[in-house]
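I have placed the structure first, in the form of structure tokens, so that the comments after it can refer back to it.
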Amino acid sequence: MAGEANGRRVFAMEISSAYIDVAVERWQADTGRDAILEGDGRTFGQVRTERLGNGDFALGKVVESDVA
Numbered sequence: 002m003a004g005e006a007n008g009r010r011v012f013a014m015e016i017s018s019a020y021i022d023v024a025v026e027r028w029q030a031d032t033g034r035d036a037i038l039e040g041d042g043r044t045f046g047q048v049r050t051e052r053l054g055n056g057d058f059a060l061g062k063v064v065e066s067d068v069a
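With our numbering applied, the sequence shown corresponds to residues 2 to 69, in that order.
Written out as structure tokens, the structure reads:
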């Protein structure tokens, strides 16, 4: 986010993919843009759906129908 605010390109590394997901979600919300996977052009949303399924439990979100 600091790099975006200052017009700089940032290269970063994180061990846990959950932290990356949160960072990408925050970046998308802040910029209003979609994160695009450079290798094949898929959006972050497409990649997340492929990894996690329909997204009901993505990033700790629980839908009301899943709660007993």
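The beta-carbon is built from N, C-alpha and C at its ideal position, and this holds for glycine as well.
Simplified DSSP assignment, three categories, for residue i
i	result
residue 37	strand
residue 6	helix
residue 24	helix
Alpha carbon of residue i to alpha carbon of residue j, nearest angstrom
i	j	result
residue 11	residue 3	9 Å
residue 47	residue 14	21 Å
residue 35	residue 16	22 Å
residue 71	residue 50	Since the first and last residues shown for the chain are 2 and 69, residue 71 lies out of range.
residue 52	residue 7	32 Å
residue 41	residue 18	19 Å
residue 38	residue 20	17 Å
is_contact[residue i, chain D] using C-beta, thresh 8 Å
i	result
residue 13	Chain labels in this structure do not include chain D; a single protein chain is all it has.
Residue i - partner residues in DSSP beta bridges
i	result
residue 44	37
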